[in-house]
Amino acid sequence: MSDYLLDESPLSPGVIYRLLSGTVCPRPIAWVATQDKHGNANLAPFSFFNVASVNPPVLAFSPLLDGSGELKDTVRNLNDVAECVVHVGSEALVEALNVTSASVPPDEDEFALAGLEKASMPGVSVPRIANAPVAFGCKLFDMIRFGDQPLAGTLVLAQVVSIHIDDALWDGRHVDMEQLKPVGRLAGSDYLRISDRFAIERPA
Ligand SMILES: Cc1cc2nc3c(=O)[nH]c(=O)nc-3n(C[C@H](O)[C@H](O)[C@H](O)COP(=O)(O)O)c2cc1C
7 MSDYLLDESP
17 LSPGVIYRLL
27 SGTVCPRPIA
37 WVATQDKHGN
47 ANLAPFSFFN
57 VASVNPPVLA
67 FSPLLDGSGE
77 LKDTVRNLND
87 VAECVVHVGS
97 EALVEALNVT
107 SASVPPDEDE
117 FALAGLEKAS
127 MPGVSVPRIA
137 NAPVAFGCKL
147 FDMIRFGDQP
157 LAGTLVLAQV
167 VSIHIDDALW
177 DGRHVDMEQL
187 KPVGRLAGSD
197 YLRISDRFAI
207 ERPA
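Below, the structure is given as structure tokens:
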């Protein structure tokens with residue numbers, strides 16, 4: 007057994023990253039479209055992702071500063087154009103999602119890089135991925151920065167202002183998981199599917 011009191015014996019950021027990402031899992035994946043002030047579109051996956059509020063609907067995801075302490079394009083774009091479209095990472099598009107995690111110059115269109123078509127999203131100027139079954143059009147609610155050091159997060163709180171959802175997976179009341187097939191992120195390059203599910207009724 008090991009106990010770490012981080013004030014007294016700090017672990018390196020790289021070790022903490024591996025410990026957190028290997029234990030706080032599986033994580034859903036936000037596949038986030040943003041746009042810079044010149045209209046260049048960007049796509050990137052973020053598994054530090056969840057629902058932060060339902061009423062109003064707010065999604066939360068956290069791009070980290072890179073190993074040199076530089077902002078990722080997603081955050082730089084949100085500083086320019088305070089809107090994004092959040093898609094849910096799913097099996098059908100996971101290879102394209104992975105392509106958009108590459109570090110490419112800010113003016114390179116990652117829709118084109120991953121062979122994805124754009125479609126317009128109501129309420130925001132940022133495009134959605136045309137064949138993604140779910141997309142949330144969001145306005146930036148707030149961003150909280152946890153410092154300037156490498157791997158510091160910027161918690162993005164994105165308020166949902168529009169929703170695109172395929173009728174094949176939403177009957178107005180329930181989401182059909184077999185149609186959505188979301189994937190979860192584990193540590194490193196590992197993902198998981200929803201094919202081994204179980205249910206537990208909540209106590210009254
Ligand atoms: C499945 C997956 C999940 C990821 N989750 C995160 C994350 O939560 N935070 C982060 O900073 N980077 C994450 N990354 C890495 C970013 O996607 C990557 O740094 C990307 O280049 C950022 O793009 P941008 O510079 O266009 O914003 C993830 C990568 C993959 C493949």
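So for the sequence shown, our numbering puts the first residue at 7; every next one is plus one. Backbone N, C-alpha and C fix where the C-beta goes; we use that ideal spot for every residue, glycine too. Because the structure is a prediction, the values reported are computed rather than measured.
Boundaries (first-last residue) of the alpha helix (DSSP H) holding Ser-27
Unbroken alpha helix (DSSP H) run through Ser-27: 19-29.
Can you tell me where the alpha helix (DSSP H) with Phe-147 in it begins and where it stops?
Where Phe-147 is concerned, there is no enclosing alpha helix (DSSP H), although the beta strand (DSSP E) it sits in stretches over 140-151.
With respect to 6 Å, is the separation between the Cβ of Ser-109 and the closest non-hydrogen atom of ligand 1 below this value?
Within the cutoff, so yes.
Is DSSP giving Leu-84 helix, strand or coil here?
Looking at Leu-84 - three-state DSSP - the assignment turns out to be helix.
For Val-64 and Phe-55, the rounded distance between their alpha carbons
Approximately 11 Å between the Cα atoms of the pair.
When DSSP builds the beta bridges, which residues end up paired with Asn-56?
Asn-56 pairs with Ala-66.
Might you give, ordered along the chain, the residues of its own chain that have their beta carbon closer than 6 Å to the beta carbon of Gly-194, omitting 5 neighbours on each side?
The answer is none, since no qualifying residue turns up.
Can you look up Asn-48 in the DSSP assignment and give me helix, strand or coil?
Under the three-state reduction of DSSP, Asn-48 is assigned to strand.
Among Val-81, Arg-191 and Ala-174, which residue has its Cα nearest to the Cα of Ile-200?
The candidate whose alpha carbon is nearest that of Ile-200 is Arg-191.
Should the stretch 41-50 be regarded as contacting the stretch 69-89, the criterion being three or more beta carbon pairs within less than 8 Å?
Taking one beta carbon from each stretch, the stretch 41-50 and the stretch 69-89 have 3 or more pairs nearer than 8 Å; the two touch.
Option nearest Gln-155 by Cα separation, candidates Pro-19, Trp-37, Ser-27 and Leu-25:
When Pro-19, Trp-37, Ser-27 and Leu-25 are compared, the shortest CA-CA separation from Gln-155 is found for Pro-19.
Boundaries of the alpha helix (DSSP H) in which Leu-103 is found, first to last residue:
Boundaries of the alpha helix (DSSP H) harbouring Leu-103: 100-105, taken from the DSSP string.
By how many angstroms is the C-alpha of Lys-78 removed from the C-alpha of Ile-206?
Whole-angstrom Cα-Cα distance: 39 Å.
Three-state class that DSSP yields for Leu-192 in the structure shown
The answer is coil: DSSP assigns Leu-192 none of H, G, I, E or B.
Taking all protein chains shown into account, do 16 or more other C-beta atoms lie within 10 angstroms of the C-beta of Ile-150, making it buried, or fewer, making it exposed?
Label assigned to Ile-150: exposed.
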